[in-house]
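Protein chains in written order, with my numbering: chain A, 825 to 1131; chain B, 265 to 739; chain C, 13 to 285.
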Amino acid sequence: MTTASQPVPAPPARVRGPAQDVAGLGVTRALGFLAPALLLIGAFLVFPAIWTIYIGITNYRLTGVEAVSPSIVGLSNYTKALNDALFHNALWLTVLFVLGSAIIGQNILGFMLAWTMRRARPAVRRTVEGLVLLAWILPSTVVAYLWIAFFDRDTGTLNSILGAQGTAWLIDYPMVCLVFFNTWRGTAFSMMLYSSALQAVPPSQLESARMVGASGWQTLRDVVFPHIRGHVLTNTLLISLWTANDFSPFLLTKGGPNHESETVPVYIYNVALQGGELGYSSAISFLLLIANLLVALLYLRLLRRRS
Amino acid sequence: MRRISRLSRLAVLGSAAVVLLTGCLGSSDSGSAGQDSNRNADAKKVELTIGSNSVKGGKNSSGATFTQDVLIPAFVADQKTKGVDVTVKFEGDGSDDEVYKQKLALSLSNKAGPDLINIDGIWVGEFAQAGYIKPLTDTVGDAAKVDDWDGWKQIPDSVQQLGSFEGKRYGVPGGTDGRVLYFNKKLFQQAGLPADWQPKSWDEITSAAQALKKLPGVTPVQINAGTAMGEATTMQGVLPLLVGTGATINTDGKWLGNSSQIRQVLDFYKGIYSTGLGDPVLQREAKGRDKSFAEFAANKIGILLEGDYFWRSVVQPKEGVAKMADRDAAVGYALIPASKPGGGIKGQDFVSMSGGGATAINPNTKFPQQAWELLQFMNSADMVKKSLNGAAKITQRTDVNAEVLAGDPMLNFVATKVLPLTQYRPGLAEYPKISAALQQATADVVGGKSTDAAAKGYETAVEAAAGSKDKVTSN
Amino acid sequence: MTPAYVVRRIGFYILICIVTLFFAVPMLWIASAPFDSSPGLGVHWPDWTLENFRKTLAHPYAMHSMVNSLLICITTAVAVTAFAALASYALSRVRIPGRDALLYGLLLLSSVVTGTAAMVPIFVMMFQLGLIDSRFGVALVMTGGLLPAAIFILKDFIDAVPKSYEESARVFGASTLQILRDVVVPVARPGLATILVWAFVNSWGNFLVPFLLIRSIDKQPGAVLLQTFTDEGGSANLSVIPVFSLLFSIPVVVLYLLVNSRYGFRFHGGIKS
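1) Taking B/K753 as the reference, give the member of B/S428, B/W413, B/R527 with the closest Cα.
2) For C/N214, does the three-state DSSP call read helix, strand or coil?
3) Can you give me, in chain order, the residues of the region 962-975 of chain A that have a beta carbon less than 7 Å from any beta carbon in chain C?
4) Can you list the residues of chain C that A/F1049 reaches, using a CB-CB cut of under 8 Å?
5) Take B/I386 and list the residues in its own chain whose beta-carbon comes closer than 7 Å to its own, dropping the five residues that flank it on each side.
6) Report the start-end ranges of each alpha helix (DSSP H) in the region 426-479 of chain B that is 4 residues or longer and not cut off at the edges.
7) Checking contacts by CB at 9 Å: is C/V31 closer than that to chain A?
8) Which chain A residues are close to B/S391, counting only those with a beta carbon under 8 Å from its beta carbon?
9) How far does the alpha helix (DSSP H) with B/K398 in it reach, from first residue to last?
10) Compile a chain-ordered list of the residues in the region 46-69 of chain C whose CB is closer than 7 Å to at least one CB of chain A.
11) What residues of chain A sit near B/L546, judged by a beta carbon separation below 8 Å?
12) How close, in whole Å, do the beta carbons of C/L119 and C/F65 come, if the pair is a contact with beta carbons under 8 Å?
13) Look up B/L669 in the DSSP assignment and say whether it is helix, strand or coil.
14) Could you check what DSSP says for B/K649 in three-state terms: helix, strand or coil?
15) Just how far apart, CA to CA, sit B/P684 and B/S618?
16) Against B/K740, what residues of chain C qualify as contacts under a CB-to-CB distance less than 9 Å, listed in chain order?
17) Among B/V709, B/S523, B/Y597, B/K518, which one has its Cα closest to the Cα of B/T491?
18) Hey, could you find the ends of the beta strand (DSSP E) A/L917 is sitting in?
19) Could you have a look at B/G584 and say whether DSSP puts it in helix, strand or coil?
20) With 7 Å as the limit, tell me which residues of the region 351-374 of chain B have their beta carbon closer than that to any beta carbon of chain A; keep them in chain order.
21) Run down chain C in chain order and give the residues with a C-beta less than 8 Å from the C-beta of B/T376.
22) Can you have a look at B/Q687 and say buried or exposed, based on whether 16 or more other CB atoms are within 10 angstroms of its CB?
23) Can you pull the chain C neighbours of A/S984, defined as C-beta to C-beta under 8 Å?
24) Given this structure, state the Cα-to-Cα distance separating B/S269 from C/V136, to the nearest angstrom.
25) Let me confirm a value: B/T351 is counted as buried when at least 16 other C-beta atoms fall within 10 Å, else exposed. Which label applies?
26) What did DSSP end up calling C/V55 once you bin it into helix, strand or coil?
27) Which runs of the alpha helix (DSSP H) fall wholly inside the region 1027-1057 of chain A and span at least 4 residues, in chain order?
28) Here's the rule I'm using: 16 or more other beta-carbon atoms within 10 Å means buried, otherwise exposed. How should B/T345 be labelled?
29) Out of curiosity, what's the CA-to-CA distance linking B/F447 and B/S359?
30) Which of the three DSSP states, helix, strand or coil, is assigned to A/I896?
31) Go through its chain and collect everything with a Cβ distance to B/A400's Cβ below 6 Å, but skip five positions before and after it.
32) Kindly list the residues whose CB is nearer than 6 Å to the CB of B/A624, restricted to its own chain and excluding five residues on each side of it in sequence; keep chain order.
33) Check whether the Cβ of C/V79 lies closer than 9 Å to any Cβ atom in chain A.
34) So which residues of chain A does C/V153 contact, with C-beta pairs closer than 7 Å?
35) Could you compute how far the alpha carbon of A/R945 sits from the alpha carbon of A/A1024?
36) Can you tell me where the beta strand (DSSP E) holding B/M547 begins and where it ends?
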């Protein structure tokens, strides 16, 4: 599920007050309620995931000799990854991609939209929000074509606008293109999350900030930010994780030219499908999972320090 | 409540156990060995499936249309006269070749998949090694029955390599192609070169190029190099040259590493691109190959190494992507010479490389005998001719070629002169990586590195791809 | 109306214009190319024609793939919403130690499993279950992949349903199921609707899972078909792709508009900061 329109959870692992079984659900029925979801998750998520981790310690391929008799190679896939210049390249590009399109792009644009749209006329607000949301719900295969047409070298929209015929954007500046693309694609989530978060800021405090003549920036920093700090963290974490695992760069550039836009999910795809090295690609998937986990733990720490 | 977490822990443990039990990948292959190849031979109701990476309204649409609308009805009718009720299904995909390959391999590794499978010739080896396909004589059971098929006599031995691996036939080849040297007769005339040019060694190519160099605005030679052109560099560059040195890229399971032959090929590249006989910038452009077509059509390239596709679809006077209205008069073609007379593979004077697909039988088919019948039917002269639907293309069958190519001297030249001496790429799993290493080596020399440095870099890449030094020959 | 105010307003509108253009311009292609007699990769005022629509409708598999997409995605969206609702209610109201950590782990796993590396396990498992070439099987795999995140979002909505509602309903003698049906579901409805749309949108664009698990081209959904629209030589078929892209986008947009107008579209119940 590699579309940018990823979901949307609330901050996890926050200990709320003891849950109360107010509806008289009872343990048996609670288990019954959980059963279908757990069964499906167990069968279609946990089981394949563990299997993937197992493949990661073999030299399995789908064709050739290793398909018949794969052998367990222990951690050598992992040591190979540590020395693999292409994997380092993919990691670095993923960091750039997340930093540029999620942490800076979607976050700032999303907040700016939420902040300015508060006071905009309903018609303006509906139009802008509608467009931003449309970018988010369109199917990713369609979105890929939109952006290929936008960046096309010979007849692309961007070149028509700039009057710069012949600039091959996706070849000359692939990462810049991807950052713009993903900002466009995913800003809706940040915008919606910040919109609801801003409603939690007491209007009276904004009013008094205005009374004492605080500048816009001071208001944001001293009044608004303390209220939405948790949301900023939650939002940043979620969009970072989704962006890091996003496969849509493949649809635009296939990782090229010459690996210049090959983020980790694209690298995994290329290793698994073009190279057929399933063992190695599974190991890299697992490394990506670990990286996700580290980012998530960092976030939980920051969140806890807050309270 | 603790029960729940204990339960989930149990679930995790349970699934882990299942993994260990069933997760033995690529279960030991005993599959069809124990199967009777005459199973269901007398069945009156038969179901067969043909799998191919083609789809109506998409990739290779004409192939899919032929299979669904011509081949299948004809075969069903044919079997009806024998009192057999056959249903043939077509499973078309129409996606990226690599994705199709993995999907097919997933099915085959689970002993499922279509009964007849259409694959690229370069996959035959890796599929065979994985046990996904077996020699036809094993699957059909009766060696005589396979070997006596009269179709084999019509398929040149060299073309049969396409469906073969380690000397055994795994499938019947489909259409194929061949590579030649094209040259622009107009430029040749201006440079005082003969219109019936046929170089007999690499030196003669170079001397013709030096004559062409005197013409203003003309790039004398285009031999694909570099990574931007991908497989086109390997197929229309390195490999045809390499077989001209008497070597193949893989011999008896060993890849050719840093060797005198590789260095000889790289030296030739260096000779072309460092002395202004070729255009090194073009080799780096993303659409370099398309551009070389356009330049050839515009009389700006003298000599070009390409496949018959170039003649059929690129400079084709009416529908080509780089049309040449005077193609028949202006474009000459010659066999690719070995480095020196008799220096090519098998002592040949001339060499070429070819590609194409093959159709194999799934060893786990329920109806091996009927699948073999369908495979023969599919490759009968009548069906092969019908599959062309009026177009002139090189088929696997000599008799069909003689008939459909009669009006096209160039394709006829490829079918009769090139195919008998052509070579195919090794169908091994490591091939794509070796190919990438070859492309990189040419990129290095064209970019100015010394032949020795490029060959050393190539050696390192080949050893990594092959997995060990033992699988690489160097000298 | 101080000058500073005027400058700020003008700045504001310029900003809005830039942002709107940024989001709108890439979409122009899908509005113009389908109607153009020579559609290319680029936007220009179309030379109006409906020829591309005729070609697309005449494509042997294009329109039927929409039906397949609907079958797969409706099943997925309904299953995800129903199972996530049940599970998130149980998780919200019954306290389980380590619950959040468990859910969080599953959420992280879902990113691995939906990637390409897991294609072998998923294929082999579905094969053993006899669910290859089945649209239902595809829906099952997608449901499994989407559930953890769905439970996460929904749990937040349900946490926000005031417990006092349920308590008072109980005081009046309502049974548990009545409470669920008449109290919890109505309050959490925007959340349920949002999850439904989200699950639908995510499964609608998924290419790899159906591609691997379905064999017959006439059962493939639109996302797979879109990848097969090439000409004989393998380059993109630009008379079919724009029209199909446009038609393929309609269901998600309609669903979103429907849900948005009835329930509002939002992503959390009442995140407490």
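Glycine is no exception: its CB is placed at the ideal position from the N, C-alpha and C atoms.
Well, looking at it:
1) Any answer about residue 753 of chain B is impossible in this case: the structure gives chain B only from 265 up to 739.
2) In the structure shown, C/N214 falls within a helical segment according to DSSP collapsed to helix, strand and coil.
3) Those residues of the region 962-975 of chain A that come within reach of chain C (Cβ to Cβ, closer than 7 Å) are L962, P963, S964, T965, V966, Y969, L970, W971, I972, A973, F974.
4) Scanning chain C for C-beta atoms nearer than 8 Å to the C-beta of A/F1049 yields nothing, as the closest lies near 11 Å away.
5) Excluding sequence neighbours, B/I386 sits near R689, G691, Y695.
6) Segments of the alpha helix (DSSP H) lying fully in the region 426-479 of chain B: 449-454, 466-477.
7) Contact with chain A is found for C/V31, since one of that chain's Cβ atoms lies less than 9 Å from the residue's Cβ.
8) Here the sequence assigns Phe to residue 391 of chain B, which means Ser is not the residue at that position. T887, listed in chain order.
9) Boundaries for B/K398: no alpha helix (DSSP H) harbours it, and the DSSP string shows neither H nor E there.
10) For the region 46-69 of chain C, which is checked against every Cβ of chain A, the residues closer than 7 Å are G52, L53, G54, V55.
11) What B/L546 touches in chain A: nothing, since even the nearest Cβ is about 16 Å away.
12) Actually they are not in contact, since the Cβ atoms of C/L119 and C/F65 sit about 42 Å apart, beyond 8 Å.
13) If DSSP states are grouped into helix, strand and coil, B/L669 belongs with coil.
14) When DSSP states are grouped into helix, strand and coil, B/K649 belongs to the helix group.
15) So the two alpha carbons sit approximately 11 Å from each other.
16) This structure cannot settle anything about residue 740 of chain B, because the visible part of chain B is limited to 265 through 739.
17) Comparing Cα-Cα distances from B/T491 to each of B/V709, B/S523, B/Y597, B/K518, the minimum goes to B/V709.
18) Where A/L917 is concerned, there is no enclosing beta strand (DSSP E), although the alpha helix (DSSP H) it sits in stretches over 909-921.
19) Assigned with DSSP and collapsed to three states, B/G584 falls in coil, not helix or strand.
20) Cβ contacts with chain A come from E362, V363, Q366, A369, L370, S373.
21) As written in the sequence, residue 376 of chain B is Ala, which differs from the Thr given in the question. Within chain C, the C-beta atoms nearer than 8 Å to that of B/A376 come from F139, I144, in chain order.
22) Burial call: buried.
23) Correct list: G54, V55, H56.
24) The predicted model places B/S269 with a pLDDT of 46, which falls under 50 and marks its position as unreliable, so this point remains unresolved.
25) Using a 10 angstroms sphere on the CB of B/T351, the tally of other CB atoms stays under 16, which defines it as exposed.
26) Look at C/V55 here: in three-state DSSP terms it is coil, with no helix or strand label.
27) Fully enclosed alpha helix (DSSP H) runs of 4 or longer: 1027-1035, 1040-1043.
28) Sixteen is the threshold: since fewer than 16 other Cβ atoms of the shown chains lie within 10 Å of the Cβ of B/T345, the residue is exposed.
29) Computed Cα separation, rounded: 35 Å.
30) Under the three-state reduction of DSSP, A/I896 is assigned to strand.
31) Note on identity: in this sequence residue 400 of chain B is Leu, with Ala being the wrong assignment. Within the same chain, V410, R433 come within 6 Å of B/L400 by CB-CB distance, once the 5 residues on both sides are set aside.
32) Only residues of its own chain outside the window of five on either side were considered, and among them I381, I397, Y434, G435 have a CB closer than 6 Å to the CB of B/A624, listed in chain order.
33) At a cut-off of 9 Å between beta-carbon atoms, C/V79 makes no contact with chain A.
34) Residues of chain A with a Cβ closer than 7 Å to the Cβ of C/V153 are, in chain order, F868.
35) Those two C-alpha atoms are separated by around 21 Å.
36) A small correction: the amino acid at residue 547 of chain B is Gln; Met does not occupy that position in the sequence shown. Note, B/Q547: premise wrong, no beta strand (DSSP E); not H, not E.
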